[in-house]
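A.B. asks: The C-terminal position of the sequence shown is numbered 482 in the UniProt record's numbering, with every residue numbered one higher than the one before it.
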Amino acid sequence: MNPTSNRRTVDELAWAFPPQKEEEGLRQKIAQLWSGKNHKIIVLDDDPTGVQTVHDVFVITDWSEEWIRQGLQDRRNVLFILTNTRSFHPEKAATINREIMGNLTRVAEEMKLEFSVISRGDSTLRGHYPLEMNVIEEELNRRAGFTFNGHLIIPSFFEGGRYTLDDTHYLREGDYLVPVHETEFAEDNVFGFSNAHLPKWVVEKGGAHSVKDVQTITLEDIRIGGVDRIYDILLSLRNNRPVIVNATSYRDLDVISVALIKAMEVGKRYLFRTAASFVKSFAGIGERAFLSAEEMTAKKGKSHGGLIIVGSHTKKTTDQLGELINRYPVRTVEVDVSKILDSSSQREEENRVLKSVEESIVAGRDTVIYTSRKVVIAEKKYESLSISQQISNSLASLVRSLSATPKFIVAKGGITSSDIATQGLGVKKAKILGQATFGIPVWLTGPESLFPHTPYIVFPGNVGDTFTLSEIVGKIGTAGFK
């Protein structure tokens, strides 16, 4: 990291901007505004971590009309659909979004439901933007006649230390806020970028021709102008204009959410490209304490060891893995990626790993499967996604072959946790119980899955500090720390 970069201190969050107005009950007001409306918030989640701020809602992994219909039948006003599009080529990502919009519009018409669509993306700006926004807009215009005033870009994710101020997106590292383009996430092989200033980022990604085409909602707008000021800005938007929303707290987002609902009540429509915090605010979801150890462990597999699967290759994940191995008496099984990518050795390597893992879990040992840490980089941009997908598919195959129910299951990394859920565990619908800690959601698998009614901890690759993984395993594991 460049020491002369545009880093800011955390203290600036408190004194460099207008203070937040003390207005109690905004979240409850949001819930009341939704009450009685036949309106569903549909969240297309490009990896399984987007539920990292919510609880008591459902996620479906199958977007057929049957499963969408089932997902929309209860009283809840929000439904997550796991698309996993961040792991796919642009063409496949576009196809998935088209399929979902087609099925969703048919089911919504049949059930006489109104709906809004949030395209939930990464809080460190990776993913298929503006592609997914464009496809959703085109399909809803073609199929339902919807036209949109604007699409709001809200990457703030407070639980993970991501904040947007002065139109620039920051990641907290210790006592500093670091522009996200100076972090490892900006160097992503597929979704890399060079701008943390969000209007410039939108232009860089092709979402606008010029920064002048991008509207911004400032902290001053939110904190001085309040709901009325935001409402006026929202009503002024035309032609699906991109809108950057600055936010450093849920209070900021709650002001935005109230204004949005009021604008929608007078016939305006908006799309959303956001991180996870906005979903919690917009849906009016309240707070919940972190889950207890008992809530995160399987009742059936209590005598068995737990299973931790680590696929993410971020430096943060590698540091967390090292700390887990150093602090906790976990059985380690390394997957040799070079053998997995070689068809002549893949089956033998998978069988070796499966045998070791099965024996360890049955013996009551908490076991971590992790891929060799050397990153395999392809020559072409999107070939890296194919390599990641092949590795993730192999990990999912290992889980699918398990016969013993682990005491708990943790998957580390977005692509990894998605494939473990859908291909390994066979989850079609899961309930979100809540969070293990900040930004780390826990699913409860459905009756159709390999291990029914089992908590599944989805640990994003870019969340937590060095100790977070070991702290969670220490809380729910079968043995104490070393």
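Beta carbons are placed, not taken as given, at the ideal position from N, Cα and C, and that holds for glycine.
With a cut-off of 8 Å on the beta carbons, I'd call Ser156 and Ser277 a contact; round off their distance for me.
C.D. replies: Here residue 156 refers to the residue found at position 156 of the sequence shown. Here residue 277 refers to the residue found at position 277 of the sequence shown. Right, the Cβ-Cβ distance comes to about 6 Å (below 8 Å), so this counts as a contact.
A.B. asks: Cα-Cα, which of Val337, Gly284, Val399, Thr314 is closest to Gln32?
C.D. replies: Counting from 1 along the sequence shown, the entry for residue 32 is found at position 32. If we check each option's Cα against that of Gln32, Gly284 comes out closest.
A.B. asks: Kindly provide the ranges of any alpha helix (DSSP H) runs that are 4 or more residues long and lie completely inside the region 407-470, ordered along the chain.
C.D. replies: With a minimum length of 4 residues, the continuous alpha helix (DSSP H) runs that stay inside the region 407-470 are 414-419.
A.B. asks: Around the C-beta of Met1, are 16 or more other C-beta atoms found within 10 angstroms, so that it is buried, or is it exposed?
C.D. replies: Locating residue 1 in the sequence shown gives position 1, where the first residue counts as 1. Low per-residue confidence applies at Met1: pLDDT is 43, beneath 50, and the placement is therefore not dependable, though the value from the model is reported in the following sentence. Classification of Met1: exposed, given that the 10 Å Cβ count is below 16.
A.B. asks: Starting from the Cα of Val333, find the closest Cα among Lys339, Gln320, Val353, Ser344 and give me that residue.
C.D. replies: Here residue 333 refers to the residue found at position 333 of the sequence shown. When each option's Cα is compared against that of Val333, the closest is Val353.
A.B. asks: For Tyr250, which three-state DSSP category applies?
C.D. replies: Position 250 of the sequence shown holds residue 250. Looking at Tyr250 - three-state DSSP - the assignment turns out to be helix.
A.B. asks: Among Thr437, Thr9, Ser257, which has the Cα closest to the Cα of Gly174?
C.D. replies: Taking the first residue of the sequence shown as 1, we reach residue 174 at position 174. Checking every option, the nearest Cα to that of Gly174 belongs to Thr9.
A.B. asks: Applying the 10 Å Cβ sphere with the 16-neighbour rule, what's the burial state of Lys412?
C.D. replies: Position 412 of the sequence shown, counting from 1, holds the residue named residue 412. Lys412 is buried by the Cβ-count criterion.
A.B. asks: Decide if Arg288 is buried, meaning its Cβ has at least 16 other Cβ atoms within 10 Å, or exposed.
C.D. replies: Along the sequence shown, read from residue 1 onward, the residue named residue 288 stands at position 288. Exposed: under 16 other Cβ atoms inside 10 Å.
A.B. asks: In the DSSP assignment, find the alpha helix (DSSP H) that holds Ser384 and state where it starts and stops.
C.D. replies: The residue labelled residue 384 in the question sits at position 384 within the sequence shown. Here the alpha helix (DSSP H) through Ser384 covers 383-400.
A.B. asks: Among Ser392, Thr478, Thr61, Gly206, whose alpha-carbon lies nearest the alpha-carbon of Ala430?
C.D. replies: Residue mapping note: residue 430 aligns to position 430 of the sequence shown, counting from 1. Comparing Cα-Cα distances from Ala430 to each of Ser392, Thr478, Thr61, Gly206, the minimum goes to Thr61.
A.B. asks: Taking Asp11 as the reference, give the member of Thr248, Ser397, Lys339, Glu471 with the closest Cα.
C.D. replies: Along the sequence shown, one-based indexing puts residue 11 at 11. For Asp11, the nearest C-alpha among the options comes from Thr248.
A.B. asks: In whole angstroms, what separates the C-alpha of Thr95 from that of His89?
C.D. replies: Here residue 95 refers to the residue found at position 95 when the sequence shown is read from its first residue. Here residue 89 refers to the residue found at position 89 when the sequence shown is read from its first residue. Answer to the nearest angstrom: the Cα atoms are 10 Å apart.
A.B. asks: Quick check: what's the CA-CA separation for Leu13 versus Ile361?
C.D. replies: For the purposes of this step, residue 13 is taken as the residue at position 13 of the sequence shown. For the purposes of this step, residue 361 is taken as the residue at position 361 of the sequence shown. For Leu13 and Ile361, the distance between alpha carbons rounds to 46 Å.
A.B. asks: By Cβ distance below 7 Å, which residues in the same chain neighbour Met101 in space, the five residues on each side in sequence not counted?
C.D. replies: What you label residue 101 is simply residue 101 of the sequence shown in a count that begins at 1. For Met101, where only same-chain residues beyond five positions count, the Cβ hits under 7 Å are Ile136, Glu139, Leu140, Arg143.
A.B. asks: If we count the other Cβ atoms within 10 Å of its Cβ and call it buried at 16 or more, is Thr4 buried or exposed?
C.D. replies: Position 4 of the sequence shown holds residue 4. Note that Thr4 scores a pLDDT of 46, beneath 50, so its modelled location is shaky; the value from the coordinates is reported in the next line. Exposed, because fewer than 16 other Cβ atoms sit within 10 Å of the Cβ of Thr4.
A.B. asks: So, using beta-carbon positions, are Val203 and Val211 closer together than 7 Å?
C.D. replies: Locating residue 203 in the sequence shown gives position 203, where the first residue counts as 1. Locating residue 211 in the sequence shown gives position 211, where the first residue counts as 1. Their beta carbons are under 7 Å apart, which means Val203 touches Val211 by this criterion.
A.B. asks: Please classify Lys40: is it buried, with 16 or more other beta-carbons within 10 angstroms of its beta-carbon, or exposed?
C.D. replies: Here residue 40 refers to the residue found at position 40 of the sequence shown. It is buried - the Cβ of Lys40 has at least 16 other Cβ atoms within 10 Å.
A.B. asks: Look at His304 and Ala404 and say whether their C-beta atoms are less than 7 Å apart.
C.D. replies: Translated into positions along the sequence shown, residue 304 becomes position 304. Translated into positions along the sequence shown, residue 404 becomes position 404. Against a cut-off of 7 Å, the Cβ pair of Ala404 and His304 comes out as a contact.
A.B. asks: Could you check where the alpha helix (DSSP H) with residue 483 kicks off and where it finishes?
C.D. replies: In the structure as shown, the chain starts at 1 and stops at 482, and residue 483 therefore has no counterpart that could be examined.
A.B. asks: What three-state label does DSSP hand Thr218 in the structure shown?
C.D. replies: Within the sequence shown, numbered from 1, the residue matching residue 218 stands at position 218. Three-state result, Thr218: coil.
A.B. asks: Give the DSSP-derived three-state secondary structure of Phe146 in the structure shown.
C.D. replies: Here residue 146 corresponds to residue number 146 of the sequence shown, with the count starting at 1. Of the three classes helix, strand and coil, the one that applies to Phe146 here is coil, per DSSP.
A.B. asks: Flag this pair as yes or no: are the beta carbons of Ser281 and Leu253 separated by less than 7 Å?
C.D. replies: To locate residue 281, count along the sequence shown from 1; it is residue 281. To locate residue 253, count along the sequence shown from 1; it is residue 253. Against a cut-off of 7 Å, the Cβ pair of Leu253 and Ser281 comes out as a contact.
A.B. asks: From the DSSP secondary-structure annotation, give me the bridge partner or partners of Ile325.
C.D. replies: Translated into positions along the sequence shown, residue 325 becomes position 325. Answer is none; Ile325 lacks a bridge partner.
A.B. asks: Using a 10 Å radius around the Cβ and a threshold of 16 neighbouring Cβ atoms, would you call Val54 buried or exposed?
C.D. replies: For the purposes of this step, residue 54 is taken as residue 54 along the sequence shown, with counting starting at 1. Buried.
A.B. asks: Just the C-alpha distance for Phe115 and Thr147, rounded to the nearest angstrom, thanks.
C.D. replies: The count along the sequence shown starts at 1 and reaches residue 115 at position 115. The count along the sequence shown starts at 1 and reaches residue 147 at position 147. When rounded, the distance between both Cα atoms is 13 Å.
A.B. asks: Look up Leu44 in the DSSP assignment and give the residues it is bridged to.
C.D. replies: The residue you call residue 44 lines up with position 44 of the sequence shown. BP columns for Leu44 point to Ile81, Ser119.
A.B. asks: Please state whether DSSP places Ile233 in a helix, a strand or coil.
C.D. replies: Taking the sequence shown and counting its residues from 1, one reaches residue 233 at position 233. Three-state result, Ile233: helix.
A.B. asks: From which residue to which residue does the alpha helix (DSSP H) around Glu334 run?
C.D. replies: As a working mapping, residue 334 is identified with position 334 in the sequence shown. No alpha helix (DSSP H) contains Glu334, which is instead part of the beta strand (DSSP E) from 331-335.
A.B. asks: Quick one: is Lys302 buried, meaning 16 or more other Cβ sit within 10 Å of its Cβ, or exposed?
C.D. replies: Here residue 302 refers to the residue found at position 302 when the sequence shown is read from its first residue. Lys302 comes out exposed.
A.B. asks: Please classify His209: is it buried, with 16 or more other beta-carbons within 10 angstroms of its beta-carbon, or exposed?
C.D. replies: Locating residue 209 in the sequence shown gives position 209, counting from the first residue. Per the 10 Å Cβ criterion, exposed.
A.B. asks: Compute the distance between the beta-carbons of Ile369 and Ile415, then report whether it is under 7 Å.
C.D. replies: In the sequence shown, residue 369 corresponds to position 369, counting from 1. In the sequence shown, residue 415 corresponds to position 415, counting from 1. No.
A.B. asks: If Glu323 sits next to Ser470, beta carbons under 8 Å apart, how far is it from one beta carbon to the other, in whole angstroms?
C.D. replies: Position 323 of the sequence shown, counting from 1, holds the residue named residue 323. Position 470 of the sequence shown, counting from 1, holds the residue named residue 470. The pair is a contact, with the Cβ atoms about 5 Å apart (cut-off 8 Å).
A.B. asks: With 16 other CB atoms within 10 Å as the buried threshold, where does Val266 fall?
C.D. replies: The residue given as residue 266 occupies position 266 in the sequence shown. With fewer than 16 other Cβ atoms within 10 Å, it is exposed.
A.B. asks: If you run the structure through DSSP and keep just helix, strand and coil, what is Lys274?
C.D. replies: The residue you call residue 274 lines up with position 274 of the sequence shown. The residue you asked about is not Lys; residue 274 is Thr in the sequence shown. Strand at Thr274.
A.B. asks: With distances taken from CA atoms, which of Val255, Gln390, Arg241, Ile325 is nearest Arg229?
C.D. replies: Counted from its first residue, the sequence shown places residue 229 at position 229. Out of Val255, Gln390, Arg241, Ile325, Val255 has the C-alpha closest to the C-alpha of Arg229.
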